[in-house]
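If you count the sequence shown from 1, position 67 lands on 67 in UniProt numbering, and the numbers rise without skipping.
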Amino acid sequence: MSSCSDEASDKECPLCMETLELDDITFYPCKCEYQICRFCWHRIRTDENGLCPACRQPYPEDPVNFKPMTSDDVRKHKDEKRMKKQAEKMKISDARQYLSNYRVLQKNLVYVVGISPRVSDPEVLKKTEYFGRYGKIQKIVTSVTPSIPAQHLPLSHTAYVTYKRVDDALRAIQNLQVLIRKNEEMERFVVSQFHVNCHSVTNPL
């Protein structure tokens, strides 16, 4: 038989597909224990053939098993349902927090390292003098590159540049690679090194 559990609270009537009301959870009108809501039971008895959809036996005048829920049962049921919803929200929140630390594979994403702090602001990098020259940018996320004290390296930043179009990201990669090989216009970008990548990026920001 049904009980006030999380599983029961999500039960649906197999005929009308509506979620069972609190009193319907303990409502079994036939000996075969095929559960339906009281509305469908009443409709079958008054407007149709009066037979159980499962075993095809006539429904008795009084339901075989029907015990209205007490106020304590109702309160317990509501508490369990509320706790279940809270648990689901926590799971979703935890999942989002976990995924927020990772970059998913995107062909329109360009990963750049070695950016000078002077131009590390996303709004600056969006300008046409920098990454904006290659196409429309949806988003830029920057972060500070962890420094190694023993090497005394200057502070630099990394950037995830998300273009609206894949072709724009590819053009940015191709042009930046040419600049590196020819060592041209490096001062314009004020970077010490570029590393562009359209493959999977799984390191946390």
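Note that beta-carbon positions come from the ideal geometry of N, C-alpha and C, so glycine has one too.
| Check | Outcome |
| --- | --- |
| For K89 and L15, the rounded distance between their alpha carbons | 30 Å |
| Limits of the unbroken beta strand (DSSP E) element including residue 220 | Because the chain in this structure spans residues 1 to 205, residue 220 falls outside the shown range and cannot be described. |
| Segment contact flag, the stretch 75 to 86 with the stretch 125 to 139, C-beta cutoff 8 Å, min 3 pairs | no |
| Same chain, Cβ closer than 7 Å to H157, neighbours up to 5 away in sequence not counted | I115, P117, S120, T142, S143, V144, T145 |
| Neighbourhood of K126 by C-beta, 7 Å cutoff - its chain only, sequence neighbours within 5 removed | G132, I137, I140 |
| Burial state of A54, where buried means 16 or more other Cβ atoms lie within 10 Å | exposed |
| Residues sharing a beta bridge with N65, DSSP | Y28 |
| Given N175 as reference, the closest of G135, Y160, L155, E80 once Cα atoms are compared | G135 |
| Rounded straight-line distance, which links the Cα of D94 to that of Q86 | 12 Å |
| Burial state of I25 (16 or more Cβ within 10 Å) | buried |
| V64 classed as buried or exposed, judged by whether at least 16 other C-beta atoms fall within 10 angstroms | exposed |
| Of the residues Y111, Y160, P58, I92, the one placed nearest Y34, counting alpha carbons only | P58 |
| Buried or exposed (CB count within 10 angstroms, at least 16 for buried), D72 | exposed |
| Residues that I140 bridges to, as DSSP identifies them | V161 |
| Closest Cα partner of C32 within the set V110, L20, P60 | P60 |
| Straight-line Cα distance separating Y160 from D168 | 14 Å |
| Beta-carbon proximity list for C40, same chain, < 7 Å, skipping 5 on both sides | C13, L15, C16 |
| Own chain, CB closer than 8 Å to R165, minus 5 neighbours either side, in chain order | N108, G135, K136 |
| Where the alpha helix (DSSP H) containing D47 begins and where it ends | 38 to 47 |
| Closest by C-alpha distance to V113, when choosing among L155, K84, E80, K81 | L155 |
| Inter-residue Cα distance where the pair is L170 and T162 | 11 Å |
| Beta-carbon gap between R38 and E21 smaller than 9 Å | yes |
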